[in-house]
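Residue numbers (this note's numbering), protein chains in the order written: chain G, 1085 to 1307; chain C, 1085 to 1307. Just so you know, even glycine gets a beta-carbon here, dropped at the ideal spot from N, CA and C. To start, the structure under review is shown below, and the notes come after it.
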DNA sequence: GGACTGTATCAACACTGTGTCGAGAAGTTC
DNA sequence: GAACTTCTCGACACAGTGTTGATACAGTCC
């Protein structure tokens, strides 16, 4: 939970044109205030019902001043999502390692449990990211990259298990991986937001894991 | 494919306040023109980039006149989606019957192939529906109902296969069904819109079906 | 043929929200 | 204390939504 001083990261290095217009002086507080306001409001109501004015007011500044710190509402949300994604990646368990150490079921559970922990704590942000994807190319690209990372991991797992004879042949590993990762994305999202129909919070992982195991190993995996 | 005179359906019965403000005279053409314009534009660009004015102009009327026919842009899209969903449901194969007649793999394939045919022909409309869900409760409810229908079908299949000993026990059938249906929704959507990563159009069903079979039957189903 | 009624149409308006411009205040540096 | 950079906001221009009120244009009905 505590921040690990892991990799290169000068307090905040906005990738592109996001965040502030460069500089690095005092108004850091304002920038933080905007981000905090956004996070708070997003847990209250959907992105579409939050205006730039709300963010500005919440941060104690005027609307034009908001634009000094961020080029748009989307940019604020993207910054938040960047961080959430980084959080999720941070404590990441090597899935292959976990499998080897604890066996398929427990290993998978550990990896996924860990992965979704970050998202579970900020449903509003997750929803905002999802809401953004249709209209915002940058959001789409970011999520694509995240998915691609997971797919690559899972592909490796499937190929490894097949190569050592633990899993039977079948459709190309990458294709299976894509489908399974997509299932997880959709199911977790539905559960997180309480869609109807969706699985209960404490059941999702059990069910998803059971499907993964059967899909990957081609049999009912006992314990 | 051809329209079956199946259930109760007076030409078009707008459920709630959607569509025209009642009446049933001539301006039917205008209403149709609006719907056609919307369908056309949706295949060109996303919903967010289509204004009420675009729809009005496309139908050869002024913006205020548009509001005589529909209460909002969303209402137009919802009407279109209603019809698409009805189309998809129309030629619907009884999945249980298909399984019994052609066996698990071929039966599943026939059912799903048939189900997704309608969607595949109008990706723009599908995307619009998806874009609408975050902001529009009615769209959410409509899609919930559709999903619920599929889940119920699949639950019945799984329970039947278990009861006759063809499928092993496992997580509650409904929970499996929800996850599998969610996987299909997500995967088909990603493929339809060419997301990255996603499966190729001609591979998606093969892979999904393989996962379904392994998940339901707990083994690699031969043929 | 004139009064009555419901359908259909649109110019003009009121409103909400976005993003920009330009004039300055406030702080730092030499 | 002049010059520079950072920061702030009132006032504007714009795009889009949804509403109002006047008006035309049928058809009846008597």
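At least 7 Å separates the CB of residue 1172 of chain G from every CB of chain C.
Between residue 1220 of chain G and residue 1286 of chain G, the C-beta gap is not smaller than 7 Å, which leaves the two residues out of contact.
Among the CB atoms of chain G, none fall inside 7 Å of the CB of residue 1272 of chain C.
In this structure, the CA atom of residue 1234 of chain C is about 27 Å from the CA atom of residue 1130 of chain C.
Using a Cβ-Cβ cut-off of 7 Å, residue 1127 of chain G does not count as an interface residue toward chain C, since no Cβ of chain C sits closer than that to its own. Per DSSP, reduced to three states, the secondary structure at residue 1115 of chain C is helical.
No Cβ-Cβ contact shorter than 7 Å links residue 1294 of chain C with residue 1291 of chain G. Close partners of residue 1206 of chain G in chain C (Cβ separation under 8 Å) are lacking, with about 17 Å as the shortest Cβ gap.
Chain G has a Cβ within less than 7 Å of the Cβ of residue 1254 of chain C.
Under the Cβ distance rule, residue 1281 of chain G counts among the residues neighbouring chain C, one pair being separated by less than 7 Å. When the Cα atoms are used, residue 1184 of chain C and residue 1262 of chain C turn out to be separated by approximately 22 Å.
Residue 1206 of chain C sits buried, since 16 or more C-beta atoms from the chains shown fall within 10 Å of its C-beta. Within chain C, 1254 and 1255 have C-beta atoms less than 7 Å from the C-beta of residue 1294 of chain G, given in sequence order. Residue 1222 of chain C is bridged by DSSP to nothing; it lacks a bridge partner.
Chain-ordered, the chain G residues with CB closer than 7 Å to the CB of residue 1219 of chain C read 1132. Within the model, the alpha-carbon separation for residue 1162 of chain C versus residue 1122 of chain G is close to 31 Å. For residue 1148 of chain G, the enclosing alpha helix (DSSP H) stretches over residues 1147-1153.
Per the Cβ contact rule, the stretch 1190-1203 of chain C is in contact with the stretch 1168-1176 of chain C (3 or more Cβ pairs under 8 Å). Two segments are said to touch when three or more pairs of C-beta atoms, one from each, lie closer than 8 Å; by this definition the stretch 1223-1243 of chain C touches the stretch 1272-1284 of chain G. In summary, residue 1191 of chain G is buried, with 16 or more beta-carbon neighbours lying within 10 Å of its beta-carbon over all protein chains present. A Cβ of chain G is located within less than 7 Å of the beta carbon of residue 1263 of chain C. Put simply, of C:1245, C:1274 and C:1298 the residue whose alpha carbon is nearest the alpha carbon of residue 1288 of chain C is C:1274. Listed in chain order, the non-local C-beta contacts of residue 1136 of chain G below 7 Å within the same chain comprise 1147, 1150 and 1157, local neighbours out to five positions each way being set aside. Residue 1302 of chain G belongs to the set of residues whose beta carbon lies under 7 Å from a beta carbon in chain C. Nearest Cα to residue 1193 of chain G within the set G:1203, G:1177, G:1202 and G:1208: G:1177.
When Cβ-Cβ separations below 7 Å define contact, residue 1243 of chain C makes no contact with chain G. Residue 1263 of chain C: member of the alpha helix (DSSP H) spanning 1257-1276, first to last residue. Closer than 9 Å at the C-beta level to chain C, one finds no residue of the stretch 1186-1199 of chain G.
Taking 7 Å as the CB threshold, residue 1291 of chain G lines the interface with chain C.
Residue 1303 of chain G is bridged by DSSP to C:1303.
By the criterion of a C-beta distance shorter than 6 Å, residue 1268 of chain C is surrounded in its chain by 1292, once the five residues flanking it on both sides are discounted.
When only Cα atoms are considered, residue 1247 of chain C and residue 1241 of chain C end up about 10 Å apart.
With its beta carbon less than 7 Å from one in chain C, residue 1235 of chain G belongs to the interface. Contacts between residue 1215 of chain G and chain C, judged by CB atoms closer than 9 Å, involve 1218 and 1219 in chain order. Here residue 1253 of chain G is exposed, its C-beta having fewer than 16 other C-beta atoms within 10 Å. The beta carbons of residue 1165 of chain C and residue 1208 of chain C sit no closer together than 7 Å.
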